[in-house]
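Residue numbers (the numbering used here): 263 to 410.
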């Protein structure tokens, strides 16, 4: 995985540069549809870059080269960030994204927890045909249980 995640950025650099160079060249000569396609390409390339960065991080964590950066943080701030990020995609599918308020605090790597929840919320919205997606936390004797 580590070798793969090191080689992938080199292979995707050319499409990113071509895409970045394409926008200014298009100027006023294109209609809105062509510009939307270029923007979609940009968005896809940015997501690919993010996935590669996540692969690298997972590889470093698995190998022990990087340790989780644990800190105390409020669940409410995490949920608020996720709600702002995913509210538009939920609304686009006419789904309700419901966040259960919580005063709980976690002691973990906030970035890792955020990315895990992003994945779960994204999949919940993607695969929920109707209704709502609920994001909450339950206190347990051994800690907290985040639920999507």
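By construction, the Cβ of each residue, glycine as well, lies at the ideal position given by its N, Cα and C atoms.
Distance, residue j Cα to residue i Cα
i: residue 373; j: residue 312; result: 13 Å
i: residue 334; j: residue 357; result: 32 Å
i: residue 410; j: residue 293; result: 40 Å
i: residue 367; j: residue 336; result: 4 Å
i: residue 398; j: residue 304; result: 33 Å
i: residue 342; j: residue 299; result: 31 Å
Residue nearest to residue i in terms of C-alpha spacing, selected from the options
i: residue 347; options: 380, 388, 305 and 389; result: 380
i: residue 340; options: 296, 383, 389 and 388; result: 383
For residue i, the first and last residue of its enclosing beta strand (DSSP E)
i: residue 398; result: 394–402
Same chain, Cβ closer than 7 Å to residue i, five either side skipped, listed in chain order
i: residue 331; result: 371
Where residue i falls, given that 16 or more other Cβ within 10 Å makes a residue buried
i: residue 352; result: buried
i: residue 263; result: With a pLDDT of only 49 at residue 263, under the threshold of 50, the placement of this residue in the model should not be trusted; the figure read from the coordinates follows. Exposed: under 16 other Cβ atoms inside 10 Å.
First through last residue of the alpha helix (DSSP H) which encompasses residue i
i: residue 380; result: 372–389
Close beta carbons around residue i, own chain, < 6 Å, minus the five adjacent residues each side
i: residue 400; result: 407
i: residue 362; result: 398
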